[in-house]
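J.: Quick mapping for you: the protein sequence lines, in order, are chains Z and F.
Using our numbering, you'd call the opening residue of the first sequence number 1 and step up by one each time.
Using our numbering, you'd call the opening residue of the second sequence number 258 and step up by one each time.
We treat Cβ as the ideally placed atom computed from N, Cα and C, and that holds for glycine.
Supplied in structure tokens, the structure appears directly below.
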Amino acid sequence: MKRRSAGLNAVSVAAMLFLYGPILVLVLYSFNAAHLSMTWRGATLKWYGALLQDEALLAATWNSLLIALVSTVGATALGGLLALGMEQMPHRRQQILEGGLVLPLVIPEVMMGVALMLLFVMLRMPLGLTTVILGHIAFNIPLVTIMIRTRLRKLDPMLREAAADLGADAWQVFRYVTLPLLRPAIWGAVLVAFTVSLDDFLVTFFTAGPGATTLPLKVYSMIKSGVTPEINALSALLLVVSMIGVAGSLYLQRREV
Amino acid sequence: MATFSTSPVIASGDSHPATSPTLDIRAIVRRHGSVAAVDHVSFQVRRGEFFSILGPSGAGKTSVLRILAGFEEPDDGDVLIDGCSMLGVPPNRRPVNLVFQSYALFPHLTVCENVAFGLKMRRVAAALIDEQVRQVLAMVKLTGKEARKPAQLSGGEQQRVALARALVNKPAVVLLDEPLAALDQQLRQAMQVELKSIQEQAGLTCVCVTHHQEEAMMMSDRIAVMHQGRMWQVGTPREVYENPRTLFVSRFLGVSNELPGRLADAEGDAYFFQPADSELPGFPVPFHLDGSVGRPATWSLRPEHLRISRDRPITEDPVLPGVVEKVFFAGSETKYLIRVGRESRWEARATGARSSTFAPGDPVFLHWALDAGRVFVE
């Protein structure tokens with residue numbers, strides 16, 4: 001039996017509360033009947049109903065889903081191929097590329113947003129849905145590549161040799177062995193990329209133009225005129241979708257084959 | 258008969274001339290940096306033959322197998338299968354199939370799909386695939402487990418799937434990489450018998466790599482002993498065991514009771530071996546090659562040729578005194594560790610009623626038939 005430390009348990013609970021406390025408050029107040037007030041006036045679902053009546057909000061939802069879908073497909077294709085390509089490179093080059101993949105994840109996202117905006121302006125591309133999608137593909141490629149690469153490196157290289165020994169050419173090895181074994185990692189990467197794209201604010205903020213307002217941008221603009229329970233409800237919905245995405249991804253990554 | 262050798266087999270020491278060999282390996286070389294992992298290895302395997310490459314780890318035997326499978330290319334030499342050179346032919350176009358040491362079963366496919374893989378890659382008709390997979394699964398006794406995934410099978414069953422997956426393609430040569438190494442002792446012995454009977458029943462040509470000498474001897478028609486990238490001897494299990502060409506082969510294929518010393522001049526018909534240990538008298542040995550008299554040498558004897566007695570035997574055979582040091586009772590036989598001279602320790606075996614005759618500390622006499630011993634000149 002492991003000995004349990006009461007003190008350590010308490011600190012763990014406190015840390016989780018610190019992390020999830022604000023989110024819990026937000027979700028709770030999305031059900032608050034009171035308008036423009038932090039006092040509790042009983043539970044209601046009317047703010048969720050109000051969301052469905054808001055034309056601008058529905059347009060933003062559509063934009064967000066479209067951007068997330070297209071950028072996820074793009075990033076998964078490019079990132080997956082990059083992961084496969086890296087496997088065939090000399091070790092030294094793999095290391096350099098690995099560093100190059102981590103860098104965009106650690107530099108301030110605002111820099112990434114500004115850099116993308118400058119690039120699009122320089123290329124004289126009008127800011128809009130296309131530029132947002134390109135921006136999202138850019139920041140999702142490292143995520144996808146790292147996730148697929150992790151799985152790829154865990155695959156027994158003997159399996160590919162066994163397939164070749166049994167008569168499979170390079171394409172058949174990929175089609176019948178590598179790809180099926182990578183499938184959980186690919187779907188995991190899809191869910192993460194989709195979630196990250198759906199939630200992104202900064203890169204979207206700098207690369208979006210008129211008519212490309214996404215849900216996070218919409219929340220931000222609504223907040224300028226005060227925090228309404230409607231925003232709470234919208235945020236709660238975004239939160240639920242994100243959590244489902246991340247949970248699904250974790251499940252797929254842990255699953256064997 | 259005693260033999261003498263200081264050099265490995267360069268050409269195949271094939272005592273049975275092959276009638277159009279299925280597999281013909283000609284002086285292949287494989288270098289890793291400056292080290293030759295495979296150093297001018299040549300051998301031939303006949304159709305239906307079970308050929309084992311036996312050697313310690315790092316001997317280069319796995320490299321030979323990977324060259325045959327096409328995963329590595331030799332730096333020199335040639336590999337011919339049914340008369341066709343395999344140089345430059347990728348693994349998927351070679352008429353060989355490898356049974357991997359780790360089995361390398363596809364974890365996402367069922368037993369049936371694993372076995373069907375090779376046929377599917379060659380676009381064999383589905384009905385034909387079903388029929389052939391069913392036959393081969395019956396042969397390896399896996400009928401009824403078709404729908405299982407590899408993770409749901411025991412080690413022995415996984416081994417059978419790996420074998421079936423190779424056999425179903427009817428390859429010209431089946432390559433086996435330490436086929437039974439991952440199994441526990443009892444299963445391993447049962448599978449040795451089974452693998453051998455499948456091989457004979459299906460008339461398979463097999464090249465098996467192993468470090469397990471008993472396994473190699475039991476299953477093989479011929480054995481090649483490999484060490485430091487070179488092949489030192491090729492022959493039937495009996496030839497290699499009873500007439501090892503080098504001290505390494507002698508030691509690797511079983512227990513070798515040894516004495517260091519040198520060959521002394523002839524006295525009459527016999528030559529004398531003079532042990533380096535001055536406590537021990539010289540004794541006659543059958544014959545030697547010219548020029549080896551006076552050179553350092555090692556004399557060796559298999560334990561089953563060694564006889565023990567309490568009293569000095571009345572015989573013209575060589576006799577040496579010894580002291581029993583340890584007794585190991587192993588059921589069907591008893592093993593004795595006997596000190597000979599100052600520091601040599603020999604193993605002797607006794608079966609049946611004689612088993613418990615000696616105890617540690619007993620002085621004994623050891624004797625053997627004159628021509629049972631072998632001398633290896635350094």
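Does DSSP put F:ILE571 in a helix, a strand or coil?
T.: F:ILE571 falls in the coil class under three-state DSSP.
J.: Does the segment 475 to 492 of chain F come into contact with the segment 412 to 429 of chain F, if we say contact requires no fewer than three beta-carbon pairs (one atom in each stretch) closer than 8 Å?
T.: As far as the Cβ criterion goes, the segment 475 to 492 of chain F does not touch the segment 412 to 429 of chain F, which means the pair count is below three.
J.: For Z:ILE107, name the three-state secondary structure that DSSP assigns.
T.: Three-state result, Z:ILE107: coil.
J.: Return yes when the Cβ of Z:LEU101 is within less than 8 Å of the Cβ of Z:THR145, no when it is not.
T.: Yes, they are a contact pair.
J.: Just to confirm, are Z:ILE148 and Z:SER71 a CB contact at a threshold of 8 Å?
T.: Taking 8 Å as the Cβ cut-off, Z:ILE148 and Z:SER71 do not qualify as a contacting pair.
J.: I'd like to know if the segment 104 to 120 of chain Z and the segment 191 to 198 of chain Z are in contact, where contact means that at least 3 CB-CB pairs between them fall below 8 Å.
T.: No, the segment 104 to 120 of chain Z is not in contact with the segment 191 to 198 of chain Z.
J.: Taking beta-carbon pairs under 9 Å, can you tell me which members of the segment 225 to 237 of chain Z lie near chain F?
T.: Per Cβ criterion, the list is empty.
J.: Between the segment 286 to 300 of chain F and the segment 335 to 349 of chain F, can you find at least three pairs of beta-carbon atoms closer than 8 Å?
T.: The segment 335 to 349 of chain F vs the segment 286 to 300 of chain F: no contact.
J.: Between the segment 217 to 237 of chain Z and the segment 74 to 91 of chain Z, do at least 3 Cβ pairs fall closer than 8 Å?
T.: As far as the Cβ criterion goes, the segment 217 to 237 of chain Z does not touch the segment 74 to 91 of chain Z, which means the pair count is below three.
J.: Under three-state DSSP, which class holds F:TRP625?
T.: Note: F:TRP625 maps to coil in three-state DSSP.
J.: Would you say Z:ALA34 and Z:THR214 are within 8 Å of each other, going by their C-beta atoms?
T.: For Z:ALA34 and Z:THR214, no; Cβs fall outside 8 Å.
J.: Run down chain F in chain order and give the residues with a C-beta less than 7 Å from the C-beta of Z:LEU181.
T.: Going along chain F in sequence order, the residues near Z:LEU181 (Cβ under 7 Å) are HIS365.
J.: Does the beta carbon of Z:GLY209 come closer than 8 Å to any beta carbon on chain F?
T.: False, the Cβ-Cβ gap to chain F never drops below 8 Å.
J.: What residue does the alpha helix (DSSP H) around F:SER291 start on, and which one ends it?
T.: That residue, F:SER291, is in no alpha helix (DSSP H); it is neither H nor E in DSSP.
J.: Should F:GLY400 go down as buried or exposed, given a rule of 16 or more other Cβ atoms within 10 Å for buried?
T.: Reading the sequence as shown, one finds Thr at residue 400 of chain F and not Gly. It counts as exposed.
J.: Classify Z:PRO157: buried if its beta carbon has 16 or more other beta carbons within 10 angstroms, exposed otherwise.
T.: Z:PRO157 comes out exposed.
J.: Since F:ARG602 sits in a beta bridge, which residues does DSSP pair it with?
T.: According to DSSP, which records beta bridges pairwise, F:ARG602 is partnered with F:ARG596.
J.: Mind checking whether Z:TRP187 and Z:LEU252 have CB atoms under 8 Å apart?
T.: Their beta carbons are under 8 Å apart, which means Z:TRP187 touches Z:LEU252 by this criterion.
J.: Check the DSSP bridge columns for F:PRO517 and list the partner residues they point to.
T.: For F:PRO517, which the question treats as bridged, DSSP gives the partners F:THR555.
J.: Here's a check: name, in chain order, each residue in its chain whose Cβ is nearer than 7 Å to the Cβ of F:ALA626, leaving out the five neighbours to either side.
T.: Counting only Cβ-Cβ distances below 7 Å, and skipping sequence neighbours, we find HIS562, ASP574.
J.: Note down, in chain order, all residues in the segment 97 to 120 of chain Z with a beta-carbon under 9 Å from any beta-carbon belonging to chain F.
T.: For the segment 97 to 120 of chain Z, which is checked against every Cβ of chain F, not one residue is closer than 9 Å.
J.: If I'm right that F:LEU376 touches F:GLN389 with Cβ under 8 Å, what's the distance once you round it to whole angstroms?
T.: Indeed they touch by this definition, with Cβ atoms about 6 Å apart.
J.: If F:GLU582 and F:PRO560 are in contact, beta carbons under 8 Å, what's the gap, nearest whole angstrom?
T.: Not confirmed; about 14 Å, so no contact.
J.: Roughly how many angstroms lie between the CA atoms of F:PHE363 and Z:VAL173, to the nearest whole one?
T.: In a straight line, the C-alpha of F:PHE363 is about 11 Å away from that of Z:VAL173.
J.: Quick check: the segment 158 to 169 of chain Z against the segment 353 to 373 of chain F, are there 3 or more CB pairs under 8 Å?
T.: Contact holds: three or more Cβ-Cβ distances are below 8 Å.
J.: What number of angstroms, rounded off, separates the C-alpha of F:LYS592 from the C-alpha of F:GLU414?
T.: Approximately 35 Å between the Cα atoms of the pair.
J.: What beta strand (DSSP E) runs, 3 residues minimum, are completely inside the segment 445 to 477 of chain F?
T.: You should have 463 to 467.
J.: With C-beta atoms as the reference, is F:VAL353 less than 8 Å away from F:ALA429?
T.: For F:VAL353 and F:ALA429, yes; Cβs fall inside 8 Å.
J.: Taking Cβ-Cβ distances shorter than 9 Å, what residues in chain F pair up with Z:ALA162?
T.: Neighbours of Z:ALA162 on chain F, chain order: LEU355, PHE357, TYR360, ALA361, LEU362, PHE363, PHE374, ALA419, ARG422.
J.: What three-state label does DSSP hand F:ASP619 in the structure shown?
T.: It is coil, neither helix nor strand.
J.: If you measure from the beta carbon of Z:LEU159 to each beta carbon in chain F, is any gap under 8 Å?
T.: Yes, Z:LEU159 lies at the interface with chain F (some Cβ there is under 8 Å from its Cβ).
J.: Identify the residues that DSSP records as bridge partners of F:GLU590: which are they?
T.: F:THR608.
J.: Is the beta carbon of Z:LEU129 less than 8 Å from the beta carbon of Z:LEU66?
T.: Against a cut-off of 8 Å, the Cβ pair of Z:LEU66 and Z:LEU129 comes out as a contact.
J.: Residues in the segment 323 to 345 of chain F with C-beta within 7 Å of chain Z's C-beta atoms, listed in sequence order?
T.: The residues in question are ALA326, PHE328.
J.: State the DSSP-derived secondary structure class of F:GLY401, mapped to helix, strand or coil.
T.: It is coil, neither helix nor strand.
J.: On the DSSP letters alone, give me the boundaries of the beta strand (DSSP E) that F:SER566 sits inside.
T.: That run of the beta strand (DSSP E) goes 564 to 566.
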